[in-house]
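Trainee: 25 is the number of the first residue of the sequence shown in my numbering; add one for each residue after it.
Starting off with a structure, shown below.
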Amino acid sequence: MTTFHEKDVGVLISEEAVQARVKELGAQITRDYQGKELTLICVLKGSAFFAIDLARAIDLPLTLEFLGVASYHGGTESTGEVRITTDVSKPMAGKHLLIIEDIIDTGLTMSFLLENLQARHPASVKICSLLEKPARAKTKVNIDYKGFVIEDKFVVGYGLDYGEKYRNLPFIGIWKHA
Ligand SMILES: O=P(O)(O)OC[C@H]1O[C@H](OP(=O)(O)OP(=O)(O)O)[C@H](O)[C@@H]1O
Ligand code: HPA
Ligand SMILES: [Mg+2]
25 MTTFHEKDVG VLISEEAVQA RVKELGAQIT RDYQGKELTL ICVLKGSAFF
75 AIDLARAIDL PLTLEFLGVA SYHGGTESTG EVRITTDVSK PMAGKHLLII
125 EDIIDTGLTM SFLLENLQAR HPASVKICSL LEKPARAKTK VNIDYKGFVI
175 EDKFVVGYGL DYGEKYRNLP FIGIWKHA
């Protein structure tokens, strides 16, 4: 049992609930992309755990790409400046892209990603996010595959960090000191 977090983090969405929802999303994506060549864009670092679990829940021959961006720099507020830290390994032209995110909070990261990827002339771009926090939205993002809508709390776990910590918790938790 992991217990290091208990003073600082309370459970919001259990490991079981997260895993059940990942399986449902995987089944839905499998149905929707039949006959298409799917490329999953795992947005580092936050979506790494979700993207890997989701990839295993999709019954299709897919390609996995990693794209690193950062704007929170370990804190609880977006700096508003999104930077690419690692780019994908191949041209994205003509591909069916599904961007995988852990959370859409202000929406600034996803707006940046959409604009950046659309400029590479893919066949299609859709969005899959495990979490949406609508209370903080600064720009409207249409999420094609959504895991859970959450309240206006800073969350950690299952890829999400505070100061680079807590990504390895298997559940979504609320950071108690924000
Ligand atoms: O909707 P937004 O307000 O833009 O917030 C969402 C983004 O912020 C987090 O990334 P972060 O910049 O913390 O980098 P990380 O994934 O490496 O933690 C998260 O993983 C999303 O990518
Ligand atoms: O609530 C959050 N937690 C961790 N990282 C984040 N990045 C955007 N929102 C969050
Ligand atoms: Mg972060």
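Beta carbons are placed, not taken as given, at the ideal position from N, Cα and C, and that holds for glycine.
How is residue 86 classed by DSSP in three states: helix, strand or coil?
Mentor: Residue numbering aside, residue 86 sits at position 62 when the sequence shown is read from its first letter. If DSSP states are grouped into helix, strand and coil, residue 86 belongs with coil.
Trainee: Restricting to Cα atoms, I'd like to know which of 130, 90, 39, 136 is closest to residue 102.
Mentor: Counted from its first residue, the sequence shown places residue 102 at position 78. Nearest of 130, 90, 39, 136 to residue 102, Cα basis: 130.
Trainee: Out of 56, 37, 126, state which residue places its alpha-carbon closest to the alpha-carbon of residue 71.
Mentor: Numbered from 1 along the sequence shown, position 47 holds the residue referred to as residue 71. Among 56, 37, 126, the Cα nearest to that of residue 71 belongs to 126.
Trainee: Among 98, 176, 104, 145, whose alpha-carbon lies nearest the alpha-carbon of residue 160?
Mentor: One-based indexing of the sequence shown puts residue 160 at position 136. Closest option to residue 160, Cα to Cα, is 176.
Trainee: Could you check the C-alpha separation between residue 168 and residue 151 for me, to the nearest Å?
Mentor: Taking the sequence shown and counting its residues from 1, the one referred to as residue 168 is at position 144. Taking the sequence shown and counting its residues from 1, the one referred to as residue 151 is at position 127. Cα-Cα distance, rounded: 5 Å.
Trainee: Can you find the residues in the same chain that come closer than 8 Å, C-beta to C-beta, to residue 145, ignoring five residues on each side of it along the sequence?
Mentor: Position 121 of the sequence shown, counted from the start, is the residue given in the question as residue 145. Result list for residue 145: 116, 117, 118, in chain order.
Trainee: Inspect the beta-carbon positions of residue 62 and residue 122 and report whether they are closer than 8 Å.
Mentor: Counting from 1 along the sequence shown, the entry for residue 62 is found at position 38. Counting from 1 along the sequence shown, the entry for residue 122 is found at position 98. Contact flag set, yes.
Trainee: Nearest CA to the CA of residue 163: which residue from 134, 81, 143?
Mentor: For this step, residue 163 is matched to residue 139 along the sequence shown. The candidate whose alpha carbon is nearest that of residue 163 is 134.
Trainee: How about residue 94: is its Cβ closer than 7 Å to a heavy atom in ligand 1?
Mentor: By 1-based counting over the sequence shown, the position of residue 94 is 70. Checking every heavy atom of ligand 1 against the Cβ of residue 94, one is found closer than 7 Å.
Trainee: When you compare only the Cα positions, how much space is there between residue 105 and residue 67?
Mentor: For the purposes of this step, residue 105 is identified with residue 81 of the sequence shown, where counting begins at 1. For the purposes of this step, residue 67 is identified with residue 43 of the sequence shown, where counting begins at 1. So the alpha carbons of these two residues sit roughly 16 Å apart.
Trainee: Taking only three categories from DSSP, how would you classify residue 79?
Mentor: As a position in the sequence shown, residue 79 is number 55, starting the count at 1. Helix, per DSSP.
Trainee: Does the stretch 30-41 come within contact of the stretch 191-199, defined as at least 3 CB pairs closer than 8 Å?
Mentor: Verdict: yes, contact present.
Trainee: Would you list the one or two residues that DSSP bridges to residue 150?
Mentor: What you label residue 150 is simply residue 126 of the sequence shown in a count that begins at 1. Bridge partners of residue 150: 122.
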